[in-house]
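J.: I am attaching a structure below and will ask some questions about it afterwards.
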């Protein structure tokens with residue numbers, strides 16, 4: 001993740017502006033603007049870490065937004081603590097030494113982002129663990145928070161998942177609505193196969209035996225088996241492997257931690273899980289702030 005990129009900076013600037021961090025009236029009225037402090041971010045539950053890189057960028061942006069000089073800051077993490085590592089409850093994730101007002105004003109934005117990202121990374125890790133020792137990889141989807149997709153998908157990668165399409169131009173995926181509106185699976189698949197550019201894989205979603213036959217007949221380069229049972233999936237995989245041995249096979253539809261391994265054992269290459277980003281529970285983090293003593 002390039003935390004210094006313009007795209008990431010714009011997202012973080014918007015988050016700080018939303019909270020009006022430069023106009024924190026409570027801090028302005030109660031805290032000495034010259035006071036220095038230390039903020040320690042603590043994991044209040046076991047989790048997979050994600051989002052540490054946002055901390056210095058947020059503090060740098062705040063320094064440019066603030067009407068008072070806040071001075072230099074330092075963000076320190078233990079060498080064994082980094083994005084993607086699993087930590088236990090009570091472990092410190094990072095220590096920030098900075099102006100007290102800066103810490104108080106940015107605390108909620110930092111925690112909000114990191115709590116969500118750690119939650120996504122932790123849930124992804126659980127799914128990846130559930131399919132361990134199979135060849136199946138866990139994919140994310142575009143079911144992300146508007147404006148935060150790049151952060152959501154980065155968090156998935158921290159948990160060991162694989163990013164699928166970043167946006168609508170990033171790959172061809174023919175779904176049920178394309179099929180319904182475009183004249184049927186055979187028609188839309190033929191159009192996509194004829195019009196796609198070299199290097200663009202044509203993937204088609206199938207929901208029935210008939211659609212599966214049409215996808216195979218049309219030479220789909222990737223087939224998404226949607227809302228099939230594990231038994232149906234195993235049967236479909238066998239049929240696809242026999243006819244199109246190079247075609248990648250993916251399963252999707254209401255995946256959960258109790259069923260995902262059954263689909264992996266059915267022989268699919270990928271399992272896409274929308275829940276990674278649309279249903280992940282935020283991890284409980286806190287920031288303990290104490291005044292520095294010189």
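Numbering (the numbering used here), first residue to last: 1 to 294.
Cβ atoms here follow ideal geometry from the backbone N, Cα and C, with glycine treated the same way.
In whole angstroms, give me the CA-to-CA distance for residue 59 and residue 155.
T.: Distance between the alpha carbons of residue 59 and residue 155 is about 21 Å.
J.: Judging by CA-CA distance, which residue of 288, 286, 277 is the nearest neighbour of residue 146?
T.: Per the Cα distances, 277.
J.: Give a yes or no on whether the C-beta atoms belonging to residue 149 and residue 165 are separated by under 8 Å.
T.: Contact: no.
J.: Using only CA atoms, which one of 105, 25, 225 lies nearest to residue 273?
T.: Residue 225 is the option with its Cα nearest to residue 273.
J.: With distances taken between CB atoms, is the gap from residue 134 to residue 161 smaller than 8 Å?
T.: No, the Cβ-Cβ distance between residue 134 and residue 161 is not below 8 Å.
J.: Going by beta carbon distance, what residues of the same chain come within less than 6 Å of residue 295, once the five residues before and after it are set aside?
T.: Residue 295 lies beyond the residue range present for the chain, which begins at 1 and ends at 294; the question has no answer from this structure.
J.: Tell me the rounded alpha-carbon separation between residue 66 and residue 12.
T.: Those two C-alpha atoms are separated by around 15 Å.
J.: May I ask you to list the residues that DSSP assigns as paired with residue 45?
T.: None, per the DSSP bridge assignment.
J.: Flag residue 135 as yes if its beta-carbon sits less than 8 Å from any beta-carbon of chain B, otherwise no.
T.: Checking the listed chains, one finds no chain B in this structure; it contains a single protein chain.
J.: Inspect the beta-carbon positions of residue 181 and residue 204 and report whether they are closer than 8 Å.
T.: Not a contact, by the Cβ cut-off of 8 Å.
J.: Would you kindly check if the distance between the Cβ of residue 77 and the Cβ of residue 102 is under 8 Å?
T.: Taking 8 Å as the Cβ cut-off, residue 102 and residue 77 do not qualify as a contacting pair.
J.: Locate the beta strand (DSSP E) running through residue 138, then write down its first and last residues.
T.: Here the beta strand (DSSP E) through residue 138 covers 137 to 139.
J.: Whose CA, out of 265, 167, 26, 171, lies closest to the CA of residue 238?
T.: Checked all of 265, 167, 26, 171; the closest Cα to residue 238 is 265.
J.: For residue 348, tell me which candidate among 221, 284, 288 has the shortest Cα-Cα distance.
T.: Residue 348 is absent from the model: the chain starts at 1 and stops at 294.
J.: So, using beta-carbon positions, are residue 1 and residue 111 closer together than 8 Å?
T.: Not a contact, by the Cβ cut-off of 8 Å.
J.: Taking the DSSP output, what are the residues bridged to residue 21?
T.: Note: residue 21 sits in no beta bridge, so no partner.
J.: Suppose the cutoff is 6 Å on Cβ atoms and the five residues either side in sequence are ignored; what does the same chain contact list for residue 100 look like?
T.: Correct list, in chain order: 31, 35, 37.
J.: In chain order, what residues of the same chain have a beta carbon less than 6 Å from the beta carbon of residue 8, not counting five sequence neighbours either side?
T.: Correct list: empty, nothing qualifies.
J.: Restricting to runs no shorter than 4 residues, where is the alpha helix (DSSP H) found entirely within the segment 45 to 111?
T.: Within the segment 45 to 111, the complete alpha helix (DSSP H) runs of at least 4 residues are 54 to 65.
J.: Tell me where the alpha helix (DSSP H) around residue 261 begins and ends.
T.: Residue 261 -> alpha helix (DSSP H) spans 260 to 265.
J.: Answer with buried or exposed for residue 281, where buried requires no fewer than 16 other C-beta atoms within 10 angstroms of its C-beta.
T.: The residue in question, residue 281, is exposed, as its Cβ has fewer than 16 Cβ neighbours within 10 Å.
J.: Just reading off the beta strand (DSSP E) that residue 289 is part of, what are its end residues?
T.: Start and end: 285 to 291.
J.: Between which residues of its own chain and residue 267 is the CB-CB distance below 6 Å, once the five residues before and five after are set aside?
T.: Cβ neighbours of residue 267 beyond the five flanking positions: 237.
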